[in-house]
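Protein chains in written order, with my numbering: chain A, 5 to 358; chain B, 5 to 358.
Inspection log for the structure reproduced underneath, given as structure tokens.
Number of protein chains: 2
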Amino acid sequence: MKMSDRKKKILQIVVDEYINTAVPVSSKSITEKHLTDISSATVRNELASLEELGYLTQFHTSGGRVPSPQAYRFYIEELMQKGNLSDKDLDYIEQAFKDKSRDVEHLIKNVTAVISELTDYTSVAVTPHADAETIRSLSLLPCGDGIALLVIMTSERILRDSFIDMPEDMGEDDLEKASKMISELFAGKALSEVRETEEQILADFGQYREVMSEVIEALKSYTRPREEDVVLSGAEKIFNHPEYEDIGNVKNFLTVIASKDKLADIIEGENDEIQINVKIGSSGDKDVPDDCSVVTATYSAGGKNLGTYGVIGPIRMDYPKVITVLENVGKALEELVGGRIKDKKDDDNEQKRR
Amino acid sequence: MKMSDRKKKILQIVVDEYINTAVPVSSKSITEKHLTDISSATVRNELASLEELGYLTQFHTSGGRVPSPQAYRFYIEELMQKGNLSDKDLDYIEQAFKDKSRDVEHLIKNVTAVISELTDYTSVAVTPHADAETIRSLSLLPCGDGIALLVIMTSERILRDSFIDMPEDMGEDDLEKASKMISELFAGKALSEVRETEEQILADFGQYREVMSEVIEALKSYTRPREEDVVLSGAEKIFNHPEYEDIGNVKNFLTVIASKDKLADIIEGENDEIQINVKIGSSGDKDVPDDCSVVTATYSAGGKNLGTYGVIGPIRMDYPKVITVLENVGKALEELVGGRIKDKKDDDNEQKRR
DNA sequence: GTTAGCACTCTCAACCTTTAAGTGCTAATG
DNA sequence: CATTAGCACTTAAAGGTTGAGAGTGCTAAC
Numbered sequence: 005m006k007m008s009d010r011k012k013k014i015l016q017i018v019v020d021e022y023i024n025t026a027v028p029v030s031s032k033s034i035t036e037k038h039l040t041d042i043s044s045a046t047v048r049n050e051l052a053s054l055e056e057l058g059y060l061t062q063f064h065t066s067g068g069r070v071p072s073p074q075a076y077r078f079y080i081e082e083l084m085q086k087g088n089l090s091d092k093d094l095d096y097i098e099q100a101f102k103d104k105s106r107d108v109e110h111l112i113k114n115v116t117a118v119i120s121e122l123t124d125y126t127s128v129a130v131t132p133h134a135d136a137e138t139i140r141s142l143s144l145l146p147c148g149d150g151i152a153l154l155v156i157m158t159s160e161r162i163l164r165d166s167f168i169d170m171p172e173d174m175g176e177d178d179l180e181k182a183s184k185m186i187s188e189l190f191a192g193k194a195l196s197e198v199r200e201t202e203e204q205i206l207a208d209f210g211q212y213r214e215v216m217s218e219v220i221e222a223l224k225s226y227t228r229p230r231e232e233d234v235v236l237s238g239a240e241k242i243f244n245h246p247e248y249e250d251i252g253n254v255k256n257f258l259t260v261i262a263s264k265d266k267l268a269d270i271i272e273g274e275n276d277e278i279q280i281n282v283k284i285g286s287s288g289d290k291d292v293p294d295d296c297s298v299v300t301a302t303y304s305a306g307g308k309n310l311g312t313y314g315v316i317g318p319i320r321m322d323y324p325k326v327i328t329v330l331e332n333v334g335k336a337l338e339e340l341v342g343g344r345i346k347d348k349k350d351d352d353n354e355q356k357r358r
Numbered sequence: 005m006k007m008s009d010r011k012k013k014i015l016q017i018v019v020d021e022y023i024n025t026a027v028p029v030s031s032k033s034i035t036e037k038h039l040t041d042i043s044s045a046t047v048r049n050e051l052a053s054l055e056e057l058g059y060l061t062q063f064h065t066s067g068g069r070v071p072s073p074q075a076y077r078f079y080i081e082e083l084m085q086k087g088n089l090s091d092k093d094l095d096y097i098e099q100a101f102k103d104k105s106r107d108v109e110h111l112i113k114n115v116t117a118v119i120s121e122l123t124d125y126t127s128v129a130v131t132p133h134a135d136a137e138t139i140r141s142l143s144l145l146p147c148g149d150g151i152a153l154l155v156i157m158t159s160e161r162i163l164r165d166s167f168i169d170m171p172e173d174m175g176e177d178d179l180e181k182a183s184k185m186i187s188e189l190f191a192g193k194a195l196s197e198v199r200e201t202e203e204q205i206l207a208d209f210g211q212y213r214e215v216m217s218e219v220i221e222a223l224k225s226y227t228r229p230r231e232e233d234v235v236l237s238g239a240e241k242i243f244n245h246p247e248y249e250d251i252g253n254v255k256n257f258l259t260v261i262a263s264k265d266k267l268a269d270i271i272e273g274e275n276d277e278i279q280i281n282v283k284i285g286s287s288g289d290k291d292v293p294d295d296c297s298v299v300t301a302t303y304s305a306g307g308k309n310l311g312t313y314g315v316i317g318p319i320r321m322d323y324p325k326v327i328t329v330l331e332n333v334g335k336a337l338e339e340l341v342g343g344r345i346k347d348k349k350d351d352d353n354e355q356k357r358r
């Protein structure tokens, strides 16, 4: 059986309608609101046929129809009409990103907050872990009590501190010396290489073996997503959607949300090539709950990968809205980061002119 | 009316029973399980009297009795019998704290995870913010792109990095110079003093005014609890308690939990003097939801304030268990931190002997 | 002061009934 | 031959009824 234009039109109406109302769509409502020129019986025939094709299901015979995951996928690919954001929403994005660029963590938190607010879904982000970055330098800063702070500078950014236990006989001078040695040793290496050269380094470095081992552990910990790389906003938004009036669903959802590890797995995907990625239901046999959809976008701006941001929510998700928001946030990010870099360059020029 | 010993005994039974079963307690069940030597009618009289005193309430005439917040308070003060943790639980604590002491953040996360696991309630912690600590030194580490990392060492610990925008004409040498100047300027000051001397410092420091202003902003941000100072574990545990079979309650709870600011307010209390603090219902007209209790303990070990840890859950909370767990975790923490310091000293001695 | 006994109240679950919504099918129509 | 009107059929949801069970409050007796 082929998909006639009319079938597509009807399918689109059903999905649109269901997304907006959360109520199974009946033939009558379609003819009343949208296709006033044909009769409900005709629509019924089409609906039955769409059901046979796997696009629609019904919970019970007198319950109207509901789109299947397959229908959502088709809808996103071919039927969906992307809207524009209202001026209010655009303003909101602009305001939110103004002056709040203090550091990466705040930016990320801010981005998820904005996404969550505008879409009304729970927003998650995972920042790129440093795996592929190369080490520029390492510093061990003394901080008393036999503890030093390890600061790692990579090609892309500064990685957050880890604390390292020092042997007590190591004075500040020793520390500085060790710091320089370590830095030289690792400079230019990718973080992902650390694991492989571990044995050799430890062997070569008998003197500071203990410290070295701790440094290596710390470096290794950056090659997988860490808890602080996963950010969540608007967990409470799920209560705004009727599918989560059932306590069981909420529990399910929250249990997933509560584990940052799982979240990282869900959000980090095969998003290397495509800009926006939609996972519907248990499509990608991941840890995504059966009754959830995940829409993510991977952003990069000014040559930097800024991470993957997205939304997790019920399958009956407002895909047009979500995708539009993600796109616009992406643009705003690009402007922010790109713009900043451009500003800097302008400054340079100006200073040179003086 | 006075509280006879029998009344106290009966009240204790009611609270114990209700904590364990979540079912309103009837006179019959009391005489059957606990006070087999008196009749249910006698107990009924006592129950009626306890109700008059404000310790018990009933939802409807034939529904058995339920303790009031006042009853819980009295129970905790006078009636509760603290148990001991099982060997299994003690083992669990010991194992959990082994080798996981990498840094403060991990420790805190770990502590809340343990508390949540053992009590079966949601656990929260807030680390002391640096308000009262004095600054030991400040360092600005260059990290390219006109950005520097601010590392603050206080009397107690190292504060996490903030990124600071640098004027582009500032080379690494300038940065180092500025870093030293700033460090000298602030050394010995309490973080809480920064706010007051702000004007003067900015005036004195015309040359690096912009940078200085950013440094001051960063320092100021540590005088109030920051998001990363609030840690949460086991949010999903609430589903294990029957009061949260109602979606409305869950929503309420989660909305509070979702806001780290609110959480900080709730957890940070007037815990300066007392070790363990119990807030029941809307007792302390804080943001604590009416139907919640919060039990917190403030820990310090080895002279360091390690923060406030606790549990948030339904009013019908297993207070004996929770309090016992908090106490034992406190001991374990003390051993861990105290022990570490002691180890260090032993090391010193040994090294001197050599 | 304590207790047995009983009437009273209230919830809860099971069951039934009604209503409204929506479909599937059939036969008629252009 | 696609479309449609018409109607029987199915089902969920809402409301009402009933009976069982649990627990109390009260009274009178001990």
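Quick reminder that beta carbons are idealized off the backbone N, C-alpha and C, glycines included.
{"query": "Where B/Ser90 falls, given that 16 or more other Cβ within 10 Å makes a residue buried", "result": "exposed"}
{"query": "Per-residue DSSP class, three states only, for A/Val292", "result": "coil"}
{"query": "Range covered by the alpha helix (DSSP H) that runs through B/Ala191", "result": "Note, B/Ala191: premise wrong, no alpha helix (DSSP H); not H, not E."}
{"query": "Three-state secondary structure assigned by DSSP to A/Tyr303", "result": "strand"}
{"query": "Assigned exposure category for A/Val18 - 16 Cβ within 10 Å defines buried", "result": "buried"}
{"query": "Residues of its chain near B/Asp177, where Cβ-Cβ distance is below 8 Å and the 5 sequence neighbours each way are ignored", "result": "none"}
{"query": "A/Asp9 - DSSP class collapsed to helix/strand/coil", "result": "helix"}
{"query": "8 Å Cβ cutoff, A/Leu310 in contact with chain B", "result": "no"}
{"query": "Segment contact flag, the segment 58-68 of chain B with the segment 80-87 of chain B, C-beta cutoff 8 Å, min 3 pairs", "result": "no"}
{"query": "Closer than 8 Å to chain A by CB, B/Lys266", "result": "no"}
{"query": "Residues that A/Ser217 bridges to, as DSSP identifies them", "result": "According to DSSP, which records beta bridges pairwise, A/Ser217 is partnered with nothing at all."}
{"query": "Below-8 Å beta-carbon distance, A/Ser143 vs any chain B residue", "result": "yes"}
{"query": "Contact with chain B by A/Glu249, beta-carbon distance below 8 Å", "result": "yes"}
{"query": "Residue burial classification, A/Arg69 (beta-carbon count within 10 angstroms, cutoff 16)", "result": "buried"}
{"query": "Segment limits, alpha helix (DSSP H) that includes B/Ala207", "result": "Leu195 to Asp208"}
{"query": "Start-to-end residues for the alpha helix (DSSP H) that takes in A/Thr131", "result": "No alpha helix (DSSP H) holds A/Thr131; DSSP gives it neither H nor E."}
{"query": "Where A/Glu240 meets chain B, residues with beta-carbon distance less than 8 Å", "result": "Lys255, Leu258, Thr259 and Ala262"}
{"query": "Where A/Glu277 falls: helix, strand or coil (DSSP)", "result": "Caution is warranted here: a pLDDT of 47 is assigned to A/Glu277, below 50, making its placement in the model unreliable, and no coordinate value can be reported."}
{"query": "Helix, strand or coil at A/Pro71 according to DSSP, with G and I counted as helix", "result": "strand"}
{"query": "Per DSSP, the bridge partner or partners of A/Leu57", "result": "DSSP lists no partner for A/Leu57."}
{"query": "Identity of the residues DSSP links to B/Lys325 by a beta bridge", "result": "Answer by DSSP bridge pairing: none, since B/Lys325 is not bridged."}
{"query": "With 16 other Cβ atoms within 10 Å as the buried cut-off, status of A/Arg320", "result": "buried"}
{"query": "Distance, A/Arg199 Cα to A/Lys92 Cα", "result": "49 Å"}
{"query": "Outcome for A/Glu36 when other beta-carbon atoms lying within 10 angstroms are tallied against a minimum of 16", "result": "exposed"}
{"query": "Interface partners of B/Val219 on chain A, CB under 7 Å", "result": "Simply none; closest approach about 12 Å."}
{"query": "Assigned secondary structure, A/Ser297 (DSSP; H/G/I helix, E/B strand, else coil)", "result": "strand"}
{"query": "Outcome for B/Ile360 when other beta-carbon atoms lying within 10 angstroms are tallied against a minimum of 16", "result": "Nothing about residue 360 of chain B can be read from this structure; chain B reaches only from 5 to 358."}
{"query": "Check whether A/Ser187 and A/Ser143 have beta carbons under 8 Å apart", "result": "yes"}
{"query": "CB contact below 8 Å: B/Tyr22 versus chain A", "result": "no"}
{"query": "Simplified DSSP state of A/Tyr125, which is helix, strand or coil", "result": "coil"}
{"query": "Exposure of B/Glu109, with buried meaning 16 or more beta-carbon neighbours within 10 Å", "result": "buried"}
{"query": "When B/Thr158, B/Ile151 and B/Leu122 are compared against B/Pro132, the one with the closest alpha-carbon", "result": "B/Thr158"}
{"query": "Collapsed DSSP secondary structure at A/Val235 in the structure displayed", "result": "strand"}
{"query": "Among B/Met170, B/Pro171, B/Asp169 and B/Leu154, nearest to A/Leu372 - alpha-carbon criterion", "result": "Given that chain A is displayed from residue 5 to residue 358, the structure contains no residue 372 of chain A and the question cannot be resolved."}
{"query": "Collapsed DSSP secondary structure at B/Lys349 in the structure displayed", "result": "In this predicted model, B/Lys349 has a pLDDT of only 48, less than 50, meaning its place in the structure is not dependable enough to derive any value."}
{"query": "Delimiting residues of the alpha helix (DSSP H) encompassing A/Glu172", "result": "From DSSP, A/Glu172 is part of no alpha helix (DSSP H); its letter is neither H nor E."}
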